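Heads up: the sequence shown begins at 8 in our numbering, then just goes up one per residue.
Ideal Cβ placement from N, Cα and C applies to all residues, glycine included.
Since the structure is predicted, the reported quantities are computational estimates derived from the model, not experimental observations.
Below is one structure, written out as C-alpha cells; the observations come after it.
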Amino acid sequence: MGGVTERREQCHICPHECVFTEKHPLGRCRVRGLDNPGYGMCVGLAVDPIEKKPLINFHRGATVLSTGPNGCNLTCLNCQNWHISQQKSTMVQYMSPAELANLAMEKSDGLAFTYTEPTIWYEYIMDTAPLVKEQNGIVIMVSNGYVNKNPLQDLISVTDAWNIDLKAWSNDFYRKICGGDLQTVKNSIEMVAASHCHLEVTWLLIPGHNDDPHQITDAAKWIKAATGENTTLHVSRYFPRYRMSIPATPISMLNEAVALFRKHLRNVYPGNI
Ligand code: SF4
Numbered sequence: 008m009g010g011v012t013e014r015r016e017q018c019h020i021c022p023h024e025c026v027f028t029e030k031h032p033l034g035r036c037r038v039r040g041l042d043n044p045g046y047g048m049c050v051g052l053a054v055d056p057i058e059k060k061p062l063i064n065f066h067r068g069a070t071v072l073s074t075g076p077n078g079c080n081l082t083c084l085n086c087q088n089w090h091i092s093q094q095k096s097t098m099v100q101y102m103s104p105a106e107l108a109n110l111a112m113e114k115s116d117g118l119a120f121t122y123t124e125p126t127i128w129y130e131y132i133m134d135t136a137p138l139v140k141e142q143n144g145i146v147i148m149v150s151n152g153y154v155n156k157n158p159l160q161d162l163i164s165v166t167d168a169w170n171i172d173l174k175a176w177s178n179d180f181y182r183k184i185c186g187g188d189l190q191t192v193k194n195s196i197e198m199v200a201a202s203h204c205h206l207e208v209t210w211l212l213i214p215g216h217n218d219d220p221h222q223i224t225d226a227a228k229w230i231k232a233a234t235g236e237n238t239t240l241h242v243s244r245y246f247p248r249y250r251m252s253i254p255a256t257p258i259s260m261l262n263e264a265v266a267l268f269r270k271h272l273r274n275v276y277p278g279n280i
C-alpha cells in the first residue's frame, strides 16, 4: 500500500529558503507558508506623508496609504515595530488587491508597502501594485533588502521608489542582531540603484553597534561607488525597543555620523529627531 505523500514546498523569496511541510506549514517570517496564508492580510492601514517613510526626494508633499504584512524575515533585536513584525497581531484585516488599490487612490496619491518587511508579500504586491499604477498612483517599498535577486527584479518592475535599510557595515551585526547577511542587502541596494526606481537608504545609528567612524566611512564610500554620490541617505536616531535596551542615540553622535557620511555623499539627512 502506498502512503500519502506529504506536501513539501520551498520558498525562494529570501536567502532563508524555508521549506514548508504539513508539520511545519509556516516559514521563518510567519507570513509565507503552505497556501500562502499571509496573502492580503494587512496590518496597519494609515495615510502618511511620504516624508515619513522616509522618502525626502521623491514626490515631495504626496501622501500614501501605508500597510504591511504581519511578520518579517529578519529578527532585529532593536525592531521599532516588533509588535507587528515579531508577533501575531489581532489588528489584521484581509484586503483584496482591488480593495487596497482603490482605497489607496481614494485616500491618497498611492500605496506604500512598509511597517514590517514587504518583499515577503511578493505575490500580493505583484497583484496589487499594477492596479495602483493603472490609476496613475505611486508605489513605494520600505524594505530591509533581505530578498533574493529574482523576486526583487519582479518587484522592481511594478514599483516606483524604495527605501532600503543598510543596518551596519558588518556581516557580524547582520548575523547576530538581525539574523541576516550584509551581502544580500548590498546586492539589493545595487539592483534598485541600477533600476528605474528612485532609491533612498536608511542607516539607523545604534551606539556601540554601528557608530564606528571607520565602518561609517567604508559604508559611505561603498554607497557612493555603488549608487552615486547623490543618493539620499537618512541617518536615523535609534531608540530602545524590543530586546535592545541601550539608551537612545545622543544627538551629538548623530551629528558626527551625519558629518562623516557627508564627506562622501551629497544628500544626507538626520532622522528620528
Ligand atoms: S520569505 Fe519567509 S518563508 Fe520565504 S524564505 Fe524568507 S523567511 Fe522563509
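- Excluding sequence positions up to five before and after N64, its CB lies within less than 8 Å of the CB of H205, E207, T239 and N274, all in the same chain and listed in chain order.
- Per DSSP, I145 is one residue of the beta strand (DSSP E) stretching across I145 to S150.
- In the structure shown, D116 falls within a coil segment according to DSSP collapsed to helix, strand and coil.
- The set of residues whose C-beta lies within less than 6 Å of a heavy atom of the ligand SF4 reads, in chain order, C18, I20, C21, H23, E24, C25, G34, R35, C36, R39, N80 and I127.
- Here the stretch 170-178 makes no contact with the stretch 136-145; the two share fewer than three CB pairs at distances below 8 Å.
- In the DSSP assignment, W229 falls within the unbroken alpha helix (DSSP H) covering P220 to T234.
- For W210, the enclosing beta strand (DSSP E) starts and ends at H205 to L212.
- Sixteen is the threshold: since fewer than 16 other Cβ atoms of the shown chains lie within 10 Å of the Cβ of G235, the residue is exposed.
- With a cut-off of 8 Å on Cβ pairs, the stretch 85-99 is not in contact with the stretch 261-274, counting fewer than three such pairs.
- It is roughly 8 Å from the alpha-carbon of Q160 to the alpha-carbon of M198.
- Only residues of its own chain outside the window of five on either side were considered, and among them G47, Y131, D134, T135 and L138 have a CB closer than 8 Å to the CB of P104, listed in chain order.
- Approximately 7 Å separates the beta-carbon atoms of P247 and P254; this is inside 8 Å, confirming the contact.
- V192 and K183 have their C-alpha atoms roughly 15 Å apart.
- Membership of W169 in the beta strand (DSSP E) is indicated by the continuous run A168 to D172.
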